[in-house]
Amino acid sequence: MTFFIMPINKRIPWIVLLIFSGLFISSCSTTTTPPERPNIIFVFTDDHGSHSVSAYGSRILETPNMDRLASEGILFQNAFVTNSICAPSRGVLLTGKHSHINGQLTNAQVFDGSQPTYPKALQEAGYKTALIGKWHLQSDPTGFDHWDILPGQGNYYNPVFITPEGQHQAEGYVTDIITDKVIDWIDSNKDGDQPFMINYHHKAPHRNWKPGPEQLGMFDGIDLPEPETLFSNWSGELTGGEIDEEALEGRTTGVRTQEMTLMNHFSKAWDLKFPPDSVMNEPYAQSWKNFHSRLTESQREAWDEVYDAYYEEFKELDLEGEELLSWIYQRYIKDYLTTIVSVDDNLGRLLDYLDETGLADNTVVVYTSDQGFFLGDHGWYDKRWMYEESLHIPLMIRWPDGIAAGSENSDLVQNIDFAPTLMDLAGANIPDDVQGRSLVPLMKGETPSDWRESIYYHYYEYPGEHAVPRHYGVRTDTHKLIYFYELDEWELFDLEKDPNEMRSVYSDPEYADVVAELKEELIRLRDKYDVPEVDPV
Numbered sequence: 010m011t012f013f014i015m016p017i018n019k020r021i022p023w024i025v026l027l028i029f030s031g032l033f034i035s036s037c038s039t040t041t042t043p044p045e046r047p048n049i050i051f052v053f054t055d056d057h058g059s060h061s062v063s064a065y066g067s068r069i070l071e072t073p074n075m076d077r078l079a080s081e082g083i084l085f086q087n088a089f090v091t092n093s094i095c096a097p098s099r100g101v102l103l104t105g106k107h108s109h110i111n112g113q114l115t116n117a118q119v120f121d122g123s124q125p126t127y128p129k130a131l132q133e134a135g136y137k138t139a140l141i142g143k144w145h146l147q148s149d150p151t152g153f154d155h156w157d158i159l160p161g162q163g164n165y166y167n168p169v170f171i172t173p174e175g176q177h178q179a180e181g182y183v184t185d186i187i188t189d190k191v192i193d194w195i196d197s198n199k200d201g202d203q204p205f206m207i208n209y210h211h212k213a214p215h216r217n218w219k220p221g222p223e224q225l226g227m228f229d230g231i232d233l234p235e236p237e238t239l240f241s242n243w244s245g246e247l248t249g250g251e252i253d254e255e256a257l258e259g260r261t262t263g264v265r266t267q268e269m270t271l272m273n274h275f276s277k278a279w280d281l282k283f284p285p286d287s288v289m290n291e292p293y294a295q296s297w298k299n300f301h302s303r304l305t306e307s308q309r310e311a312w313d314e315v316y317d318a319y320y321e322e323f324k325e326l327d328l329e330g331e332e333l334l335s336w337i338y339q340r341y342i343k344d345y346l347t348t349i350v351s352v353d354d355n356l357g358r359l360l361d362y363l364d365e366t367g368l369a370d371n372t373v374v375v376y377t378s379d380q381g382f383f384l385g386d387h388g389w390y391d392k393r394w395m396y397e398e399s400l401h402i403p404l405m406i407r408w409p410d411g412i413a414a415g416s417e418n419s420d421l422v423q424n425i426d427f428a429p430t431l432m433d434l435a436g437a438n439i440p441d442d443v444q445g446r447s448l449v450p451l452m453k454g455e456t457p458s459d460w461r462e463s464i465y466y467h468y469y470e471y472p473g474e475h476a477v478p479r480h481y482g483v484r485t486d487t488h489k490l491i492y493f494y495e496l497d498e499w500e501l502f503d504l505e506k507d508p509n510e511m512r513s514v515y516s517d518p519e520y521a522d523v524v525a526e527l528k529e530e531l532i533r534l535r536d537k538y539d540v541p542e543v544d545p546v
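For the sequence shown, this note's numbering gives the first residue as 10, with consecutive numbering after it.
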């Protein structure tokens, strides 16, 4: 994972990670009901790369409220997804099963809401359940007593929401509004005999990263550090298409042909947010005009004052090559980070509310994301790849009554583990066909002797946006083997010597034994998870 140098900024990171220990409940193989079952708040962001969380060592942003969760609970250092894309990740979250089992392989499928999910299990165990925010699974939510969701990706400003009763529109910024709704629902359901579970799902920081009114221009005048791999130039975007064959030796063809570079695939309309009249022939121009027109007059005036100035700067500088890429990176990362600042501020509102109402001690708060994200690493944005920036997710869990403050865990965990963990916490039955495992023993500081030593990953959405080829692979603590099966190409990375994954050593004779061992492990995992030989897409 690449980390950066922190600029002088008001948001200075700090975190104290103490030795993990403490009293907790249950075990991996048995579900137990504590004397007073906890309330559960599952905070889920969209595309939040863990290298923009200061608890994970980020040097570009302080996230004090996320850090607070980590320092008052447990931080998982090695949390990963099974399929780094929005809808499939949500299908895994709900079911505890890999994409090929739950049926949500890409963003194109409609989620089968009739199948067993953890919200249904919690309902059966006596919990009130709710979902507020982003859903992105096309079918209506099931297993929730209350739901209030964004249609599709939703809008950052003045968003529409869908409920069982119909649609309504709220004025304001989506992260603030979702938080208001979550707190209001908790406040209305906190005094009954039933414990509650609420999915608090943000739109942010999903593309196209629109700052809230309070964050507009907040990084102006600051040059944020660039990732050391920003100028990888793997597809020749900085050299007019000329490929650096030496740098790409042993790399998959997909690295050359992907469509996710900041230099070549960033929209001046949608991503850089140039004034609508200046980008009429650009991709996403109409979508951008639609957003601009939905703003209130005061919102539009504040927006235009900031973004018109960026456009004028762009025209005046007339940059090329690496200087142009640096300028685009600054605009991208600043917009991205402003949306996370709002998420972090609103997380603080929620934590303060729990303290004020006396709910904090027996409420489990989970913070995670549906996948990681490239923050200019290798000159890229987006996700999808099994590379670390896309694969790794933040995961912090606080429960004062059950987790020792300052705990930390470095075992390999995945999002297939979320559903059984929440079932276990609620004292619900965990079905035998759930493929993940409860994290409860890890939160207790007790790693089972048979805990996994490798993870399985599988990405399916090709052809598709950003042109990332289908691939599957295995990751251990030290190495990663990836097979791009439609290309019949392999990559192997030594994560200890090459954490930025710059050089594949698959063909290096010194790694022949590692290749053989990981191929055997890959076969074992595909058999364990019942992966079909024929691609189900």
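Cβ atoms here follow ideal geometry from the backbone N, Cα and C, with glycine treated the same way.
Since this is a predicted model, take the numbers as computed values, not measurements.
Helix, strand or coil: which one does DSSP assign to residue i?
i: W499; result: strand
i: R484; result: strand
i: G31; result: Model confidence at G31 stands at a pLDDT of 37, short of 50, so the residue's coordinates are unreliable; what they give is reported in the following sentence. Correct three-state label for G31: coil.
i: L271; result: coil
i: G549; result: Since the first residue shown for the chain is 10 and the last is 546, residue 549 is missing from the structure and cannot be characterised.
i: K392; result: coil
i: S36; result: Note on S36: pLDDT 35, under 50, position unreliable in the model; no value is reported.
i: L84; result: strand
i: Y209; result: strand
i: L281; result: coil
i: S513; result: coil
i: D286; result: helix
i: P518; result: helix
i: D386; result: helix
i: I24; result: Only weak support is given to the placement of I24: the predicted model assigns it a pLDDT of 34, under 50, and the value that follows is read from those uncertain coordinates. DSSP places I24 in coil when its eight states are reduced to three.
Kindly indicate the opening and closing residues of the beta strand (DSSP E) around residue i.
i: E529; result: Run containing E529: none in the beta strand (DSSP E); it sits in the alpha helix (DSSP H), 521-537.
i: D137; result: The residue you asked about is not Asp; residue 137 is Lys in the sequence shown. Residues 137-143.
i: V375; result: 372-378
i: E474; result: Looking at the DSSP string, E474 is not in any beta strand (DSSP E), and its letter there is neither H nor E.
i: L159; result: 155-159
i: S416; result: 416-418
i: N111; result: Counting along the chain, N111 falls outside any beta strand (DSSP E), though it belongs to the alpha helix (DSSP H) covering 108-111.
i: H467; result: 464-468
i: N299; result: Segment 294-303 is the alpha helix (DSSP H) holding N299; no beta strand (DSSP E) there.
With distances taken between CB atoms, is the gap from residue i to residue j smaller than 7 Å?
i: Y538; j: Y465; result: yes
i: N48; j: F240; result: no
i: D154; j: I141; result: no
i: T188; j: R407; result: no
i: G112; j: P128; result: no
i: M269; j: Y390; result: yes
i: S463; j: T485; result: yes
i: N424; j: L114; result: no
i: V483; j: E530; result: yes
i: V9; j: F51; result: Residue 9 cannot be examined here, being either before or after the span of the chain that is shown, 10 to 546.
i: G436; j: A134; result: yes
i: E246; j: N208; result: no
i: L346; j: W336; result: no
i: D426; j: L448; result: yes
i: V90; j: I349; result: no
i: Y316; j: K282; result: yes
Which partner residues does residue i have in the DSSP bridge list?
i: Q7; result: Absent from the model: residue 7. The displayed extent of the chain is 10 to 546, so no value can be given.
i: L431; result: DSSP, once it has assigned bridges, lists no residue as partnering L431.
i: L490; result: V483, L501
i: H215; result: DSSP, once it has assigned bridges, lists no residue as partnering H215.
i: V169; result: Q178
In the DSSP assignment, the alpha helix (DSSP H) including residue i goes from what residue to what residue?
i: L404; result: Careful: L404 lies outside any alpha helix (DSSP H), inside the beta strand (DSSP E) at 404-407.
i: D196; result: 183-198
i: T347; result: 330-366
i: V315; result: 306-326
i: V264; result: 262-266
i: T104; result: 95-104
i: S399; result: 397-400
i: P128; result: 127-133
i: L257; result: Premise fails: L257 is in no alpha helix (DSSP H) and is neither H nor E.
i: P450; result: 449-452
Quiz item: What are the uninterrupted segments assigned as alpha helix (DSSP H) that are 4 or more residues long and contained completely in the segment 38-81, given in chain order?
Solution: Note on the segment 38-81: whole alpha helix (DSSP H) runs with a minimum of 4 residues are 73-81, in chain order.
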